[in-house]
């Protein structure tokens, strides 16, 4: 119950200013994630300068695991940059 209350409270906060983030950011999500709605990932990527966004179709919260063959090379490339 406490976790649900914390998530609900957090979700009602005003969005934080992410425009000051100046490090590389890779955001990956599934297009049908019910735990972290995909729209949140899209919004976060839009608000972080230069962020890279990967959305996996027909995937949920475990999109990076469902699509590991695609995600691992992307993550390694991102980390090498």
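In UniProt numbering, the protein residues as written are 1 to 81.
In this text, a Cβ means the ideal position worked out from N, Cα and C, and glycines have one as well.
Going by DSSP, residue 52 is part of no alpha helix (DSSP H) but of the beta strand (DSSP E) stretching over 52-56. In the displayed model, residue 67 falls within coil according to three-state DSSP, outside both helix and strand. Between residue 25 and residue 61, the alpha-carbon positions lie close to 18 Å from each other. Residue 74 has its alpha-carbon roughly 13 Å from the corresponding atom of residue 65. Residue burial annotation: residue 48 is buried, with at least 16 other C-beta atoms found within 10 angstroms of its C-beta. For residue 76, the three-state secondary structure derived from DSSP is helix. Burial check for residue 44: the Cβ neighbour count within 10 Å reaches 16 or more, so the residue is buried. Closest by C-alpha distance to residue 30, out of 68, 58, 81, is 58.
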